[in-house]
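First up is the structure itself, then whatever we jot down about it.
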């Protein structure tokens, strides 16, 4: 099988715990690559809401250096705009627009360091927008509108996971390029502010974006213990909304509490087998587990954005 994962926090753990991307105590580690015919992994550096602003750049540059060195060490090719996905590809992403502060020039700095996705907020508010747990949802700021233009000009993909509802719709109204939700589930299946409404999913679908299913147990099931079958439930719901070319995986490995039946990246073939037992065709599963996300990247990088 082929595997494309739009989000994990393994890089953050490797940086903050002074470890590597091949640490076997992590949910995700590089040796697992032998389980996949082709593997693209998006590695996020998490910029926490409570981190001191003067520390945000420090952790970013440490992550950039760590990812570059570990890619060379463990046989991953670091993705650059216009690349084709290789047998083992790593994509550098940033989770949290707090890193930008109020400095639009930082966006071009992200691009220079091979960042391909920016999650605009974490759960709180920043200078760009309001997060999912915002107590005063004002949506996208004036600075955020300018940042959106700069992100698209630098061919950095806008990620709406963690956004407040008003911020989501402000992005949808103003974005010229397709945008994505790297690790968000269905609010209809599990009522949680971090999950997408049906309308939001359809907007991403119609704009040519992708949505990565999140394995975090509290976004899978509101009451009771979540298990691997709940991942299937969220996928089935999004597929019922016409998501065959939109649905992807965004595991949130090393940044989540996993459901029963999922222990690490080693469980991905087990999840694939679950879909097969439910009579999903392999052609559809290849879209979900790999090609929807891979095709999005190829289309996004080849798209001329007129500003």
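In this note's numbering, the protein residues as written are -12 to 294. Beta carbons: idealized from backbone N, C-alpha and C, even for Gly.
query                                                                                                            : result
Inter-stretch contact (C-beta, 8 Å, three-pair minimum) for the segment 48 to 57 and the segment 67 to 76        : no
Among 274, 249, 87, the one whose alpha carbon lies nearest that of residue 46                                   : 87
C-alpha distance - residue 94 paired with residue 131, whole-angstrom precision                                  : 12 Å
Every unbroken beta strand (DSSP E) within the segment 228 to 283, with a cutoff of 3 residues, ordered by chain : 234 to 236
Boundaries of the alpha helix (DSSP H) in which residue -3 is found, first to last residue                       : -3 to 3
Expected contact under 8 Å - CB spacing of residue 145 and residue 107 to nearest Å                              : 7 Å
Residue 98, DSSP secondary structure in three states                                                             : helix
Unbroken alpha helix (DSSP H) run spanning residue 158, endpoints                                                : 152 to 161
Alpha helix (DSSP H) segments (min. 4 residues) lying fully within the segment 166 to 237                        : 185 to 193, 204 to 207, 215 to 227
Three-state secondary structure assigned by DSSP to residue 75                                                   : strand
Which of helix, strand or coil DSSP assigns to residue 25                                                        : strand
Separation of residue 214 from residue 21, as counted between CA atoms                                           : 25 Å
Sequence-distant residues of its chain with Cβ nearer than 6 Å to residue 111 (five each side left out)          : 36, 118
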